[in-house]
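What the sequence shown shows, in the numbering used here, is residues 266 to 359, in sequence order. Below you'll find the structure, written out as structure tokens, and then a few comments.
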Amino acid sequence: MAAYRAYDHIEDRRWVEQQLTDEKEDWIDKRAQEIIAILPKDAVSLFLFSVPANSNPREGLRHDSATEAYNNLATAVAYAQAEHDWEHRTGCPF
266 MAAYRAYDHI EDRRWVEQQL TDEKEDWIDK RAQEIIAILP KDAVSLFLFS VPANSNPREG
326 LRHDSATEAY NNLATAVAYA QAEHDWEHRT GCPF
């Protein structure tokens with residue numbers, strides 16, 4: 266009988282850990298999407314004020330590979346910030 270109780274306890278613990286993991290991943294995904302929404306939509310917008318208007322790199326920023334690289338950067342930054350926010354949240358609403 267004790268073995269069944271121990272097994273039930275282990276299963277309950279696994280279930281709780283899975284729920285916490287799912288909650289964390291969901292929270293991080295939602296937070297990352299919020300961050301992505303506030304970032305510039307493309308590389309040209311990001312560098313608008315730092316690259317002179319008559320400069321050739323502006324056209325390079327519109328290229329598909331530059332767009333893909335910018336999207337990868339924005340996603341990496343958003344998820345890194347979301348994970349940081351998760352680790353440093355206080356849980357206090359005020």
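Backbone N, C-alpha and C fix where the C-beta goes; we use that ideal spot for every residue, glycine too.
- Comparing alpha-carbon positions, the option among 279, 307 and 272 lying closest to residue 333 turns out to be 307.
- Counting only runs of 4+ residues, the alpha helix (DSSP H) found wholly inside the segment 328-356 occupies 329-352, in chain order.
- In this chain, residue 307 is not harboured by any alpha helix (DSSP H), its DSSP state being neither H nor E.
- Where residue 317 is concerned, there is no enclosing alpha helix (DSSP H), because DSSP gives it neither an H nor an E.
- Sorting 353, 340, 354 and 349 by C-alpha distance to the C-alpha of residue 303 places 340 at the top.
- With respect to residue 279, residue 347 sits apart: the two C-beta atoms are not nearer than 8 Å.
- Take the alpha-carbon of residue 286 and the one of residue 270: they are about 24 Å apart.
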